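Here the structure comes first, spelled out in structure tokens, and everything after it is commentary.
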Amino acid sequence: MVKRDVAINILRETLSRRHLVGAGTAVATAAALAPTTVFGQSRQTIMTGEANSSAADMGPENNAMKSINADGFMPPPTDHGSVPQFWHSFSAVHRRVQDGGWARQVNVEDFPISTEIAGVNMKLNAGGIRELHWHAANEWSLMLSGNCRLTAIDLDGKSYVADVAQGDLWYFPTGIPHSLQGLGPEGCEFLLVFDDGRFSEDNTTLISDWAIHTPPEVLAKNWNAPQSALEPLRSIPREGKYIFQAPVPGSLASDQQAAANGRPATPIKFQFAMQGMPPTKSGRNGEVRIVDSTNFPISTNIAMAHVRLKPGGLRELHWHPNADEWQYYLQGSGRMTLFHNKSEASTADFNPGDVGYVPKTLGHYIENTGTDDLVFLEMFKAPKYEDLSLNDWMTHIPPELVMQHLGISAETLGNIPKANLAVLPA
Ligand code: MN
Ligand code: MN
């Protein structure tokens with residue numbers, strides 16, 4: 015087969031893949047009509063002319079990347095213009111691996127659109143410690159797998175020690191000192207979200223780093239100790255410990271009692287059992303759980319929607335009035351088109367470990383393009399989750415006004431769901 019034919023076959027496969035997506039649903043019916051309902055007239059030839067060679071690709075190709083970027087390689091004809099890159103992936107970044115675990119991050123340094131949020135993915139062995147530290151950003155987390163022990167103190171010096179498991183959240187406000195330690199049998203892996211795109215996991219205040227960069231005579235005075243008692247600090251690496259291996263800690267009750275040290279424990283709940291909560295919204299094609307400062311009071315500046323879409327399900331066309339959206343994909347495969355105003359739109363594909371970003375107020379949808387459930391997080395630097403639904407808006411203004419804009423019939427308008435359902439078809 016000559017290269018040109020290979021290219022045309024790839025194009026055919028791409029097109030037929032689109033028609034297969036969501037087969038048997040109302041969405042699929044619309045997709046099957048695509049060639050006659052394309053809006054971008056100048057690109058229609060690419061969609062309809064199977065022998066058309068315009069999209070042929072004869073040069074070098076990273077086929078692994080291409081296969082996960084079908085909507086970038088062969089964009090829907092409604093895509094147009096140059097939208098800033100809004101896809102990234104933890105699988106594409108460097109890992110900092112140390113004895114005890116590892117960490118990797120996606121922040122504004124290599125994902126320029128992500129100005130409001132930075133994300134860190136971390137694993138700790140059983141006994142592995144993310145060292146005692148604090149930082150300038152607020153920290154929100156979702157436990158992805160395994161078990162972990164958290165410690166902190168509140169502003170009154172009252173202690174906090176708690177164990178978290180898969181599906182649990184935690185939140186440590188700016189400046190609150192804390193630690194994380196993996197528990198048996200397999201340690202843990204979690205996602206951390208910070209409300210500052212410039213946050214770097216490599217720039218936090220570490221207890222060991224501070225100690226070895228303080229004159230020993232000062233430290234001795236501060237700790238009421240002879241300088242000879244500080245000899246063990248000589249073995250601390252110049253940049254601090256950060257992540258290191260230690261024995262698995264004892265029982266939670268004994269750690270809590272020892273940490274309290276004569277004071278009552280903090281009344282603040284720094285953790286939240288997200289997995290146990292009923293869905294905030296649910297329908298036959300999925301469900302949404304919303305956690306923000308209204309049901310998780312300590313989380314004063316980070317809001318979350320945890321979304322599950324069944325195959326063929328659509329997170330409906332919507333936007334957020336109060337903050338940028340940072341997405342993390344946990345399971346399945348999907349696509350999102352980001353409408354960037356000024357006739358600009360771009361579609362990208364998302365897989366587990368990927369990150370997406372939507373600037374405040376810009377319209378978007380997320381569609382499950384796979385055969386499994388698509389599960390993802392929508393994260394916001396905001397005290398409260400807020401969204402507006404295109405359907406809810408269109409059905410709660412004078413109908414004539416809508417019909418005059420779009421030219422659609424009263425019947426078509428009448429069939430549009432009259433609520434913000436989040437997940438469609440309802
Ligand atoms: Mn932290
Ligand atoms: Mn959204």
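Per this note's numbering, the very first residue in the sequence shown carries number 15; after that it's consecutive. Every residue, glycine too, gets a C-beta built ideally from N, C-alpha and C. Just so you know, these numbers come straight off a predicted model, no measurement behind them.
Have a look at residue i and residue j and give me their C-alpha separation to the nearest angstrom.
{"i": "Asp-306", "j": "Met-318", "result": "6 Å"}
{"i": "Asp-269", "j": "Tyr-256", "result": "21 Å"}
{"i": "Asp-210", "j": "Ala-132", "result": "6 Å"}
{"i": "Leu-328", "j": "Thr-385", "result": "13 Å"}
{"i": "Leu-266", "j": "Leu-438", "result": "43 Å"}
{"i": "Glu-64", "j": "Ser-360", "result": "Only weak support is given to the placement of Glu-64: the predicted model assigns it a pLDDT of 47, under 50, and the question is left unresolved by the model."}
{"i": "Phe-258", "j": "Arg-110", "result": "12 Å"}
{"i": "Lys-444", "j": "Ile-167", "result": "Residue 444 falls outside the range modelled here, since the chain spans only 15 to 440, and no answer is possible."}
{"i": "Ser-222", "j": "His-149", "result": "14 Å"}
{"i": "His-102", "j": "Phe-125", "result": "7 Å"}
{"i": "Glu-392", "j": "Val-321", "result": "8 Å"}
{"i": "Asn-382", "j": "Thr-188", "result": "36 Å"}
{"i": "Phe-213", "j": "Gln-241", "result": "35 Å"}
{"i": "Glu-400", "j": "Asn-238", "result": "51 Å"}
{"i": "Leu-402", "j": "Gln-285", "result": "28 Å"}
{"i": "Ala-70", "j": "Met-350", "result": "24 Å"}
Among residues of its own chain, excluding the 5 on either side of residue i, which ones have a beta-carbon nearer than 7 Å to its beta-carbon?
{"i": "Gly-181", "result": "Met-157, Met-288, Gln-289"}
{"i": "Ala-37", "result": "Residue confidence is low: Ala-37 scores 38 on pLDDT, short of 50, so the model does not pin down where it sits. Its coordinate-derived value is still stated next. Correct list: empty, nothing qualifies."}
{"i": "Glu-200", "result": "Ala-140, Gly-160"}
To which residues does DSSP link residue i through a beta bridge?
{"i": "Asp-338", "result": "Looking at the DSSP assignment, Asp-338 forms no beta bridge with any residue, so it has no partner."}
{"i": "Glu-392", "result": "Ala-319, Gln-341"}
{"i": "Ile-304", "result": "Ala-319"}
{"i": "Asn-204", "result": "Asn is not the amino acid found at residue 204; the sequence shown has Phe there. Answer by DSSP bridge pairing, in chain order: Met-136, Met-157."}
{"i": "Val-111", "result": "Trp-116"}
{"i": "Ala-287", "result": "Asp-182"}
{"i": "Leu-328", "result": "Glu-381, Leu-438"}
{"i": "Ile-257", "result": "Arg-144"}
According to DSSP, is residue i part of a helix, a strand, or is it coil?
{"i": "Gln-241", "result": "helix"}
{"i": "Gly-211", "result": "coil"}
{"i": "Gln-418", "result": "helix"}
{"i": "Thr-228", "result": "coil"}
{"i": "Ser-193", "result": "strand"}
{"i": "Thr-219", "result": "strand"}
{"i": "Ser-81", "result": "helix"}
{"i": "Phe-100", "result": "coil"}
{"i": "Gly-297", "result": "strand"}
Closer than 8 Å by C-beta to residue i: which residues in its own chain qualify, once you throw out the five before and the five after it? Chain order, please.
{"i": "Ala-225", "result": "Leu-233, Leu-247, Ile-250"}
{"i": "Gln-112", "result": "Tyr-256, Ile-257, Phe-258"}
{"i": "Thr-218", "result": "His-147, Trp-148, His-149"}
Using only the heavy atoms of ligand 3, determine whether one of them is closer than 8 Å to the beta carbon of residue i.
{"i": "Thr-228", "result": "This structure lacks ligand 3; its bound ligands are ligand 1 and ligand 2."}
Could you name the residues of the same chain whose beta carbon sits closer than 6 Å to that of residue i, not counting the 5 residues immediately before and after it, in chain order?
{"i": "Lys-432", "result": "Thr-409"}
{"i": "Thr-280", "result": "Asp-168, Lys-172, Tyr-174"}
Return the chain-ordered ranges of every beta strand (DSSP E) run that is complete within the stretch 115-189 and spans a minimum of 3 residues.
For secondary structure counted as the beta strand (DSSP E) over 3 or more consecutive residues, the stretch 115-189 holds these complete runs in sequence order: 115-120, 132-138, 143-148, 153-167, 173-179, 182-186.
Can you check the stretch 349-409 for any alpha helix (DSSP H) of at least 4 residues that lies completely inside it and give the ranges in chain order?
The stretch 349-409 contains these whole alpha helix (DSSP H) runs: 404-408.
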